[in-house]
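In our numbering, the protein residues as written are 2 to 303.
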């Protein structure tokens with residue numbers, strides 16, 4: 002039984018429920034893997050038991066969030082879907098929006114409801130036309146933008162070049178939270194800058210199941226038994242350069258939409274999806290106030 006709405010107990014309950022919620026949209030150019038990433042977040046959130054790629058050849062499954070026949074035939078999202086699941090104490094609402102330009106008006110409406118955005122980039126193509134348009138809408142609202150560089154399982158652009166592209170094309174500075182190991186179609190895993198842990202991946206049954214992972218500190222003398230010397234040497238060099246020349250993480254700037262945390266992974270293989278979800282949820286805000294003709298309306302207003 003719920004407490005009465007005019008009691009402190011009800012206000013506390015409402016506050017706790019608001020604080021648990023995370024509502025975000027995923028924005029990208031068509032075919033960057035947006036619906037696939039949505040599917041994998043649902044997988045790791047426990048909302049589904051196995052995942053199927055929109056264009057999978059090894060299985061007849063289609064992505065759960067692409068439910069219309071036209072979406073299955075064309076491999077694109079043409080409607081907005083809202084999916085909810087509980088993960089690590091958070092109640093998460095994912096707003097999966099159409100990426101195709103023919104349906105962009107629906108996407109703009111969805112972004113009004115979002116408290117944060119995940120900007121998905123194709124690692125080989127970088128910032129593309131539709132991404133620029135959607136980024137500008139997010140920027141107008143000053144909502145936090147988190148960048149997930151997808152398709153690292155294929156040959157990718159140099160990560161430093163992608164960081165420069167974000168600044169030159171979109172005008173936003175970036176701070177990589179992790180760093181990819183293997184960018185030539187030989188993606189091994191990621192290095193977490195905050196913990197100095199190297200996370201290496203295996204398995205996943207072509208992305209249908211959670212991957213197996215091995216965690217080891219980059220300072221561990223045994224790391225050479227887990228990662229080949231040429232990967233380790235390049236990783237150490239790039240980390241040193243990043244630490245010296247890169248932007249420091251600043252949560253206030255992130256929440257003001259001035260700095261984008263950057264993550265690397267492969268949604269189709271599930272590599273890097275779980276650490277992205279964990280860190281994203283720890284940084285992104287609960288429901289924000291909205292402006293109306295009555296002034297600011299807070300998330301706990303009746």
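Note that CB positions come from ideal geometry on N, CA and C, so glycine has one too.
Computed from a predicted model, the values in this text were never measured in an experiment.
Neighbourhood of residue i by C-beta, 7 angstroms cutoff - its chain only, sequence neighbours within 5 removed
i	result
residue 192	179, 180, 182, 199, 219, 236, 240
residue 19	287, 288, 300, 301
residue 268	34, 37, 38, 41, 151, 274
residue 43	49, 65, 84, 86
residue 256	145, 286
residue 92	21, 22, 85
residue 297	290
residue 157	124, 125, 184
Option nearest residue i by Cα separation, candidates the options
i	options	result
residue 31	301, 92, 131	131
residue 221	211, 147, 233	233
residue 175	214, 263, 149	263
residue 112	138, 129, 90	138
residue 284	298, 254, 291	254
residue 27	10, 195, 278, 229	278
Test item: CB-CB of residue i and residue j under 8 angstroms
i	j	result
residue 227	residue 217	yes
residue 135	residue 25	no
residue 128	residue 184	no
residue 205	residue 143	no
residue 188	residue 153	yes
residue 155	residue 186	yes
Other residues of its chain near residue i: CB distance less than 6 angstroms, five sequence neighbours each side excluded
i	result
residue 148	120, 261, 263
residue 88	46
residue 57	Its pLDDT being 38, under 50, residue 57 is placed unreliably by the model, and the measurement read from it follows with that caveat. Nothing listed; no residue qualifies.
residue 281	147
residue 10	4
residue 259	none
Contact set for residue i: own chain, Cβ-Cβ below 8 angstroms, skip 5 residues either direction
i	result
residue 168	174, 175
residue 160	150, 177, 180, 181, 184, 239, 265
Heavy atom of the ligand GDP within 7 angstroms of residue i beta-carbon
i	result
residue 13	The model depicted lacks the ligand GDP and carries no ligand whatsoever.
Cβ pair count under 8 angstroms reaching 3, the segment 110-123 against the segment 240-254: They do not touch, by the three-pair rule.
Runs of beta strand (DSSP E) wholly within the segment 172-248 (minimum 3 residues, chain order): Whole beta strand (DSSP E) segments, 3+ residues: 174-177, 179-182, 190-193, 198-203, 213-218.
Contained beta strand (DSSP E) runs [length at least 3] in the segment 241-303, N- to C-terminal order: Listed in chain order, the complete beta strand (DSSP E) runs (minimum 3 residues) inside the segment 241-303 are 260-265, 291-293, 296-298.
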